[in-house]
Amino acid sequence: MLRNRWIWVIGPALALALSSGWAAASAKATKRPVDWAALNPAFAGATFVNDPETCRACHEDSMRGYEGTAHAKALKRVASTETGECESCHGPRSKHVENPSDELAHGKLKPAQQSAVCLQCHEGGKRFGWKAGAHQANDVSCTSCHEVMKERSETALLVKASTSETCYRCHGDVRAETSKSSHHPVREGRMDCASCHNVHGSTPGLLVKNTLNETCVSCHTEKRGPFLWEHAPVRESCANCHAAHGSNHRNLLTSKDSFLCLSCHSYGGHINLPRYNRVSNPYGMGCVNCHITTHG
């Protein structure tokens, strides 16, 4: 009797889960074709040549570097009989074959148009929020960070050898901050920019979680709480006290130890003056000698 009851309860749920999984797998495998004429009117009337050897006649050097990439291996297996390999990304090339100097070169596409070509296969997952994200809004395209035609990186077809080096091409200020004495172990290779940021997303700061605090406590779980006595600035934002990319003060603090505390706690009647809280004095660390659980 009990066994039958469990079957009655679990059976429909299991069937729903399996059907959802199959549907998700099918959706992931489905390619969303590009309307090339809508993408660029110059494609109007062009047809697919579907012959990589025609491309090779002029683009031998490019194709030699391309042959060992992940795209080359994947497209050989999944490219449709209509679009072939090259034209899956470059669109119908009949006009280009007839007149190589026309406007159909991939470089003529605007950043958003270039990304639309990539998203025909790579939409969804971590890239779900790409169209509303800061990179898209600032005319950064997929090819700004990814090299499709040559293997420059061991992962993700990046234009540089690592994720962080790729990001530093634009974010030089962050490179400088990570070079400071107190920093996350990015330079040591134990994490990279993608540990905290989803570059394809749309959250503030392109974070991997919805908020800064959620992102921080995904590693620093001991700071999560809940606490009986909460420190309000901590609950508001970790960035009130910490510079996430790097600092010349210990523990990624935005200013020196007790001076950070005194930026808020400057009232009288307490030993809270800098002369009592210097690191060099017998009490060592200033405020946190007594207030050891500053997070809560």
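Each residue of the sequence shown is one higher than the last, beginning at 157 in this note's numbering.
The beta-carbon is built from N, C-alpha and C at its ideal position, and this holds for glycine as well.
Predicted model only: the values in this text are computed from it and were never measured.
Give every residue of the same chain whose Cβ lies closer than 6 Å to the Cβ of residue i, excluding the five residues on either side of it in the sequence, and list them in chain order.
i	result
S300	none
R331	Y324
G247	W192 and F199
G285	G357 and S358
K412	H405
N206	G240
A293	none
T319	D348, C349 and A350
Can you name, in chain order, every residue of its own chain whose Cβ lies under 7 Å from the Cβ of residue i, other than the five neighbours on each side?
i	result
D295	P267
G452	G381, F383, W385, E386, H387 and V390
K336	G402, S403 and N404
V273	V190 and C245
R212	M219
T371	C352, L363, V364 and K365
V373	K379 and R380
A395	L368
Going by C-alpha to C-alpha distance, which of the options sits closest to residue i?
i	options	result
H401	L418, S414 and E333	E333
S338	A317, Y324 and L409	L409
C349	K251, K365, V373 and E321	E321
C217	F284, N396, M305 and F204	Correcting the residue type first, residue 217 is Asp in the shown sequence and not Cys. Minimum Cα distance to D217 is reached at M305.
A118	S257, S244 and A213	Outside the shown range of the chain (157 to 452) lies residue 118, about which nothing can therefore be said.
F204	H421, A395, W192 and G221	W192
Q269	V355, G361 and L195	L195
H356	L275, G289 and N206	G289
K282	N255, H353, S297 and E254	H353
V253	E307, T319 and T210	T210
A226	E378, K287 and E307	E307
P360	E279, H291 and Y222	H291
S271	E279, G280 and C298	C298
Using the rule of at least 16 other Cβ atoms within 10 Å of the residue's Cβ for burial, across every protein chain shown, is residue i buried or exposed?
i	result
R249	buried
H376	exposed
G224	exposed
C326	exposed
N445	exposed
V165	Caution is warranted here: a pLDDT of 40 is assigned to V165, below 50, making its placement in the model unreliable, and the coordinate value is therefore given only provisionally. Burial call: exposed.
S393	exposed
T311	exposed
K251	buried
T449	exposed
E243	buried
S422	exposed
N255	exposed
G201	exposed
R328	It is Gly, not Arg, that sits at residue 328 in the sequence shown. Classification for G328: exposed.
Where does residue i fall in DSSP's three states?
i	result
L265	coil
H353	strand
S414	helix
H327	coil
H141	A query on residue 141 cannot be resolved here, the shown segment of the chain reaching from 157 to 452 and no further.
H252	helix
S374	coil
S393	coil
H291	helix
H398	strand
L384	coil
H302	strand
L313	coil
S403	strand
T322	helix
Identify, in the order they occur along the chain, each residue of the same chain with its Cβ nearer than 8 Å to the Cβ of residue i, setting aside the five sequence neighbours on each side.
i	result
E241	P208, A228, L231, K232 and A235
E303	S309, L313, L314 and V315
N407	S338 and H398
K264	N196 and A198
C420	P389
C214	P256
Segment contact flag, the segment 410–418 with the segment 339–356, C-beta cutoff 8 Å, min 3 pairs: no
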